[in-house]
Amino acid sequence: MNSFWAFLSRGVRVAQRIGIHLEAATESSNTDQFEKEMGRRTFCSLYVLDSVLSFRMDHIPLFPNRLQAGSMPRMHLVPEVENSADAPDVFAERILQVQLVDFWKQQSLTTGPEYDVLAAQERYDRFCAEFLLAMPPAFSLEPDTQWDSRLPKLRLQRQILQIAIFDSLCYNFRPALLQDPTQIGLLPGYKQVLLASHKKALASAALKVLERVSILHNMIGESHTRYPGIIIPTFEAAVPLLCLCADAEFPGETIDASLTTGTLHPLSTTMANLTRNECVQAIKGAVERLQVFAELSKMAEAGARALASLIARIEFPSTQARQQSNTMGAIDPTMELVNAWKEEQMESLNGVFTVSDILRGPHGTFPAAWGGVEGFGGSLWDKGSLPFSGI
């Protein structure tokens, strides 16, 4: 991933140099309108990739601000189908990805261990009310599928977008994993109930990521065994589930606090029926999927090995493990998994991808390679297999 980040920075610098991100430059250019539109769409793709990768790697994004209105696509381009004027634009999924990124940038979402349960609740309420309710019918969580038969890629795009949506909710609730039980006991009762509810919300969001990943994998076929858009979400969704299941009392029997007062609550059904066995089975399914990919992907192999090594500890804890505190029961397996994944990536992929930044929240810096990105070999992120790219 470090190599791809370096390549991405080069692409961003080229885009900025020719000014496709500037509305004034776009208007004054002598190029035709279609070429201008392609420039805007290219820039949107760079913006989404930069935002997603920088957050995963805890780097400062190349585009720290929200995308300017002048950089957004303006043309409505649809395939030649009947009543095409009402059809979803072929780039609609990417535009919604931009809006998703912009929403979370406004919320000042971080990857550190600090966790304000009320702030997390407010972010979730705002997300349901402002983002989910504004989604077009073809891409909503309960979509209008009238165009699916005429637009073959629409179903794929919908799954990719929903993976990103639930993955972002995982990030919103993930710091709940790292709270010290001794400090939790000092919180007011309503915050303790809300925190327990947020852990269930995290599990629910992770389960939905894995569900969407499974659907996407079935859609594109088993031949796409190196597609990071499946490998990375699979691993990252399995990690919090493992950490939650490391607590023998999860999901518990406490009465859940209402996550939102609005009518749209995408996690409610899963939370209401959440069981420990469901989470464990989902983790096993994630391991099996990564093992299938492992024959051709070192990234998947490392993830499968790290996850598989901890499942037995959760299903069959030793006597010594039972005597450990809840803190050790949750944090120690988490750190073991993170370290195993990190070591595999450092040895096999030159640090292509780790999740230690996500769980432990170190403060990243600009890569030294940005000063002069030359001489890079082939990237694991093959052309045509980039996250959020058309399949």
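Letter by letter, the sequence shown follows residues 65 to 455 in this note's numbering. Yeah, the Cβ is synthetic: ideal placement off N, Cα and C, and Gly gets one too. Bear in mind that the values here come from a model prediction, so they are computed numbers and not experimental data.
Counting the other Cβ atoms within 10 Å of the Cβ of P216 gives fewer than 16, which makes it exposed.
Annotation for Q256: I248 place their beta carbon closer than 7 angstroms to its own, counting only its chain and skipping 5 residues before and after. Close CB contacts of L225 within its chain, under the 7 angstroms cut and outside five residues either way in sequence, are with E157, L160, Q161, F203 (chain order). Under the 10 Å beta carbon count, S213 is surrounded by fewer than 16 other beta carbons and is classified as exposed. Residue burial is scored here from C-beta neighbours: F98 has fewer than 16 other C-beta atoms within 10 angstroms and is therefore classed as exposed. For H262, the enclosing alpha helix (DSSP H) stretches over residues 253 to 284. With fewer than 16 other CB atoms across the displayed protein chains lying within 10 angstroms of its CB, A336 is exposed.
With a beta-carbon spacing of about 22 angstroms, K263 and A228 fall beyond the 8 angstroms limit used to define contacts. Two segments are said to touch when three or more pairs of C-beta atoms, one from each, lie closer than 8 angstroms; by this definition the stretch 344 to 353 touches the stretch 276 to 294. Positions of the alpha helix (DSSP H) runs, each at least 4 residues long and wholly inside the stretch 286 to 356, are given as 292 to 309, 332 to 336 in order along the chain. With fewer than 16 other CB atoms across the displayed protein chains lying within 10 angstroms of its CB, Y254 is exposed. In the assembly as shown, T298 is a buried residue. Its beta-carbon has 16 or more other beta-carbons within 10 Å. For R138, same chain residues with a beta-carbon under 8 angstroms away, outside a window of 5 residues either side, are E101, R104 in chain order.
Assigned with DSSP and collapsed to three states, F127 falls in coil, not helix or strand.
If you draw a straight line from the Cα of T333 to the Cα of L271, it comes to about 12 angstroms. In the DSSP assignment, R214 falls outside any alpha helix (DSSP H) and carries neither an H nor an E. Of N341, N236, L306, S361, the smallest CA-CA separation from I295 is found for S361. DSSP, read as helix, strand or coil, puts P207 in coil. The three-state reading of DSSP puts G249 in coil, since its state is none of H, G, I, E or B. Contact between the stretch 125 to 132 and the stretch 178 to 196 is absent: fewer than three C-beta pairs spanning the two stretches fall below 8 angstroms.
Within the model, the alpha-carbon separation for A368 versus C343 is close to 16 angstroms.
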